[in-house]
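In our numbering, the protein residues as written are 125 to 418.
Positions of the beta carbon are idealized from the N, C-alpha and C atoms, including for glycine.
#1: Taking all protein chains shown into account, decide if residue 415 is buried (16 or more other Cβ within 10 angstroms of its Cβ) or exposed.
#2: Quick check: the segment 200 to 218 against the segment 370 to 377, are at least 3 beta-carbon pairs closer than 8 angstroms?
#3: Which parts of the segment 230 to 288 are runs of the beta strand (DSSP E), unbroken and 3 residues or longer, counting only runs that do not cross its ends?
#4: Going by the DSSP bridge assignment, what does residue 316 pair with across the sheet?
#5: Looking at residue 262: is its Cβ nearer than 8 angstroms to the Cβ of residue 395?
#6: Can you list, in chain order, the residues of its chain with a C-beta nearer than 6 angstroms to that of residue 292? Leave out the 5 residues immediately preceding and following it.
#7: Please name the residue in 305, 235 and 252 whose C-alpha comes closest to that of residue 318.
#8: Suppose the cutoff is 7 angstroms on Cβ atoms and the five residues either side in sequence are ignored; what does the same chain contact list for residue 203 look like?
#9: Nearest by alpha-carbon distance to residue 311: which of 347, 330 and 226 is it?
#10: Three or more C-beta pairs under 8 angstroms: does that hold for the segment 187 to 198 against the segment 343 to 350?
#11: Given this structure, state the Cα-to-Cα distance separating residue 419 from residue 320, to the nearest angstrom.
#12: Could you tell me if residue 379 is buried or exposed, where buried requires 16 or more neighbouring beta carbons within 10 angstroms of its beta carbon?
#13: How big is the Cα-Cα spacing for residue 239 and residue 361?
#14: As a quick exercise: from 316, 298 and 220, pick the residue whose alpha carbon is nearest that of residue 191.
#15: DSSP state of residue 356, grouped into three classes?
#16: Per DSSP, which residues does residue 295 bridge with? Please list them.
#17: Kindly list the residues whose CB is nearer than 6 angstroms to the CB of residue 384, restricted to its own chain and excluding five residues on each side of it in sequence; keep chain order.
#18: With burial defined as no fewer than 16 other Cβ atoms inside 10 Å of the residue's Cβ, what is the status of residue 405: buried or exposed?
#19: Roughly how many angstroms lie between the CA atoms of residue 247 and residue 368, to the nearest whole one?
#20: Does DSSP put residue 417 in a helix, in a strand, or in coil?
#21: Enumerate in chain order the residues of its own chain whose CB-to-CB distance from residue 335 is below 7 angstroms, with the five nearest sequence positions on each side excluded.
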């Protein structure tokens, strides 16, 4: 009850995000391929809304047909409603089709919960197969009631995770000492999947998936990408000419209004930050010294 009261207070003081870009009207088939369990995937009649389902047999997932290096990547999701304990909806970028040992990866993971309890959103960053850069946040809305946009800005200076254009996490590559954990060399696909993770996802695995509630369905629409599409051996658009907005100076830093929203998120919604976990990291990773405000 206390957590629900806190969420209500958070909603009342939530930041005012800027308006969304024009909706993309491209179909699923234009951008994506199904990774597995095609029978667990459905689309609306116009092909613009997509549904992934999880049951006791299997989940489902899709990926972009193209790889990108740097840009803006955005999707609107509506998460599994009701009792979703143990269910994870993942929305992420990765340099490999599988969980390879040398992969780079940028993760949104939505951790389901028992009915009435808030969803948690976990983000993570991998480089060359190593991760352990988790952060967890609460949200200021119920992500099961309507579609909300989840976006990643990626350039050589910063990676920013956005929810409805509000920056919730900033991973920098600035300063005299560049971040040696910053994934900036390998092009990535964009993926999404729904799967069972009741060994860890809800209260550390204490809450198990209730298969009587299956199928669990996540919904997607309005995929938007403004990025550098990879072409072997090296596309011109990832040069240092800064011709594209995501590579220009304004995209290297948070704007003043974004800093205000980011500060609000830091005060109200952060549940876990690896850069403050001294028990786990007696010596903090080097990138923790880089300021998200610069």
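Let me spell this out:
#1: Along the chain shown, read from residue 1 onward, the residue named residue 415 stands at position 291. With fewer than 16 other Cβ atoms within 10 Å, it is exposed.
#2: no
#3: 244 to 250, 259 to 262, 272 to 278 and 282 to 287
#4: Sequence index remark: in the chain shown, residue 316 carries index 192 (1-based). Per DSSP, 186 and 215.
#5: What you label residue 262 is simply residue 138 of the chain shown in a count that begins at 1. What you label residue 395 is simply residue 271 of the chain shown in a count that begins at 1. Against a cut-off of 8 angstroms, the Cβ pair of residue 395 and residue 262 comes out as a contact.
#6: Numbered from its first residue, the chain shown carries residue 292 at position 168. Once the five neighbours on either side are set aside, the close Cβ partners of residue 292 are 261, 285 and 389.
#7: Position 194 of the chain shown, counted from the start, is the residue given in the question as residue 318. The option with the nearest alpha carbon to residue 318 is 235.
#8: Position 79 of the chain shown, counted from the first residue, corresponds to residue 203. Counting only Cβ-Cβ distances below 7 angstroms, and skipping sequence neighbours, we find 213, 234, 243, 267, 268 and 342.
#9: Here the question's residue 311 lines up with position 187 in the chain shown. Comparing Cα positions, the closest option is 226.
#10: yes
#11: The shown model of the chain, from 125 to 418, leaves out residue 419, and the question about it has no answer.
#12: Here residue 379 refers to the residue found at position 255 of the chain shown. Residue 379 should be labelled exposed.
#13: Numbered from its first residue, the chain shown carries residue 239 at position 115. Numbered from its first residue, the chain shown carries residue 361 at position 237. Going from the Cα of residue 239 to the Cα of residue 361 covers about 46 angstroms.
#14: Locating residue 191 in the chain shown gives position 67, where the first residue counts as 1. Selected option, being the one with the closest Cα: 220.
#15: Your numbering for residue 356 matches position 232 in the chain shown. Coil, per DSSP.
#16: Here the question's residue 295 lines up with position 171 in the chain shown. Residue pairing for residue 295: DSSP places it in a beta bridge opposite 283.
#17: Within the chain shown, residue 384 is the residue found at index 260, counting from 1. Closer than 6 angstroms at Cβ, skipping near neighbours: no residue.
#18: In the chain shown, the residue the question calls residue 405 occupies position 281. It is exposed - the Cβ of residue 405 has fewer than 16 other Cβ atoms within 10 Å.
#19: In the chain shown, the residue the question calls residue 247 occupies position 123. In the chain shown, the residue the question calls residue 368 occupies position 244. Taking the straight line joining both Cα atoms gives about 26 angstroms.
#20: By one-based count along the chain shown, residue 417 stands at place 293. DSSP places residue 417 in coil when its eight states are reduced to three.
#21: By 1-based counting over the chain shown, the position of residue 335 is 211. Here the set comprises 180.
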